[in-house]
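Everything below concerns the one structure shown next.
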Amino acid sequence: MKKFILADCNNFYVSCERVFNPLLDKKPVVVLSNNDGCIVSRSDEAKKLGIPMGAPLYQQKDVVEKNKVYVFSSNYQFYGDMSDRVMESLEMFAPKLEIYSIDEAFIKTNTISFDDIFKDVVNIRKKIIKWTGIPMSFGIAPTKTLSKIANHIAKKRTYEGVFDISENNVANDIMRNLPVEELWGISNKWGKKLRHLGVSTALELKNSNAKFIRKHTSVLLERMVYELRGMPCLDIESISPKKNIMSSKSFGTSIAEIEPILEALSSYAARACEKLRKQNSKASGIYVFIRTNPFHQNKPQYKNGHALNFDLPTSDSRVILCAARRLMRGLYRKGHKYHKCGIMLLDLVPDNYKQAHFFSTNDSEDQNNFMKTVDRINNYMGPQTLFYLSQGISKEWKMKCENRSNRYTTKWSELLEVN
DNA sequence: TCTGGGGTCCTAGGACCC
DNA sequence: TCTGGGGTCCTAGGACCC
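Under my numbering, the first residue of the first sequence carries the number -4, and numbering increases by one thereafter.
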């Protein structure tokens, strides 16, 4: 029988920090989101202190100080590079893996030959930990949904970090004690709805009438019923280019004037365009938005967004920046303190996509060559070596990032030093 | 004081057509 | 006086993921 394996890094961002800083072993460690806002990765020691996932840092200040928790700002360049190393290592054993997120990948067993799946996976896991320094867990099951559950058990229960849920008829016992909200694809809203229908555990969902579930929820949960029964509805997905690309960030401090907002927007747009060209796409349109801080309900709130279509799809930063700024000037209202803005590149098409247009000139060879040159220089000399003046120089909107570790693997000046 | 960012998929409902 | 039904396409918004 074909099986799915979910390979997942343990406490990924924290584990990355530990690779180059062994003093952090066995200590409580957390990593923050952008702007040092929320806690998005926790070591086991930090979890034991009761620090919840996603909690704002300021609400955990007491626990953090009392227990000397190590706190790191996010360092995505570094984590991204470590992720590449882990995935490339996995690919050596399983060439057709589906990279599901920065720290997880699905593998299907018919793409590799195993003598004994369990034993072989234990060996793969050992090798990857040795090569990358990142601890991982592996869940084995007949469907993706079940492999998620198996992975969960592997993390908690077994010392080898590998668990096969299809062995020894343990699946039902595990599901009997698993609240529906902990299933992959169900969260609070659906959980409530299911409980309302009399379904509160994974096992009860598995034994429900699939059509009944679909009628009262959606096709997604109908699929899940079958997946829990061991009938695969979800397969390994091949890598496809993104359909939209987004770049947005909250400002380090709230901003009332339009100029710094335009600078921030230009920077986000430039970043989005780099991602766009990297995946060899062009955008047919853009959406730009702005908003005040929704947590300050006692202050006047404003949020708005506008979209625009280009005559022809483009990946030219200059065209996109100009259009974005024009949209923003239309959105901005004086008298508010703004907290966040962003841009989404819409309806992406392959960059070799050609369509004749009588009047538009925004898709010339010159433009493409110009952007390629800019990207090449920034790749070689470092991000932002060349930038647009409209991104500004003072950058008062720049996000907070007070405890970032070194970019050990991607920046010469920040390599680990051994004395 | 301080509350992330970047995605995907599905559904309902409106506009429009014949 | 009595005013259809069925289909498609698009969009906005909701829900979920990590």
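Cβ atoms here follow ideal geometry from the backbone N, Cα and C, with glycine treated the same way.
query                                                                                                   : result
Which of helix, strand or coil DSSP assigns to F305                                                     : strand
Option in I129, D361, H301 and D57 with minimal Cα separation from S84                                  : I129
Continuous beta strand (DSSP E) stretch holding C336: start and end                                     : Y333 to P345
Proximity winner among G32, N6 and L340, relative to G247 (alpha-carbon distances)                      : G32
Length at least 4, wholly inside the stretch 199 to 258: the alpha helix (DSSP H) runs in chain order   : 205 to 211 and 214 to 223
Given 8 Å, three or more beta-carbon pairs between the stretch 288 to 300 and the stretch 209 to 229    : no
Reduced DSSP secondary structure (H/G/I, E/B, other) of P23                                             : coil
Any 3 or more C-beta pairs closer than 8 Å across the stretch 93 to 103 and the stretch 3 to 10         : yes
Cβ-based burial, N417 [other Cβ within 10 Å; buried from 16]                                            : The question about residue 417 has no answer, for the chain in this structure spans -4 to 414.
Opening and closing residue of the beta strand (DSSP E) in which V35 lies                               : I34 to R37
Supposed close pair S312, M366 - CB separation, criterion 8 Å                                           : 6 Å
L178 versus A145 - alpha carbon distance                                                                : 11 Å
Candidates K143, L216 and K406: closest to A2 by CA position                                            : K143
Three-state secondary structure (DSSP) of K298                                                          : strand
Residue of P227, N29 and R120 minimising C-alpha distance to M131                                       : R120
Residues that DSSP places opposite D31 in a beta bridge                                                 : According to DSSP, D31 bridges with nothing at all.
Contact under 8 Å by Cβ, R399 with H334                                                                 : no
Inter-stretch contact at 8 Å, needing at least 3 Cβ pairs: the stretch 71 to 91 / the stretch 44 to 55  : no
Where the alpha helix (DSSP H) through S142 begins and ends                                             : K139 to K151
Alpha carbon of L27 to alpha carbon of T127, nearest angstrom                                           : 22 Å
Buried versus exposed call for H191 [16 or more other C-beta atoms within 10 Å across all chains shown] : exposed
Assigned secondary structure, Y95 (DSSP; H/G/I helix, E/B strand, else coil)                            : strand
Among V24, T368 and F15, the one whose alpha carbon lies nearest that of Q55                            : V24
Exposure of Y403, with buried meaning 16 or more beta-carbon neighbours within 10 Å                     : buried
Among S36, V165 and K(-3), the one whose alpha carbon lies nearest that of S69                          : S36
Minimum C-alpha distance to S279 - residue among L44, S243, L340 and E269                               : L340
K103 and K(-3) closer than 8 Å at C-beta                                                                : yes
Residues sharing a beta bridge with F284, DSSP                                                          : G300 and G337
C-alpha gap between F88 and T405, whole angstroms                                                       : 25 Å
Inter-residue Cα distance where the pair is V214 and S195                                               : 19 Å
Residues that DSSP places opposite T196 in a beta bridge                                                : P174
Test item: CB-CB of I135 and V165 under 8 Å                                                             : no
Where P51 falls: helix, strand or coil (DSSP)                                                           : strand
Per DSSP, cross-strand counterpart(s) of G134                                                           : L1 and F158
Assigned exposure category for T380 - 16 Cβ within 10 Å defines buried                                  : exposed
Strand pairing of F101, partner residues [DSSP]                                                         : L1 and E93
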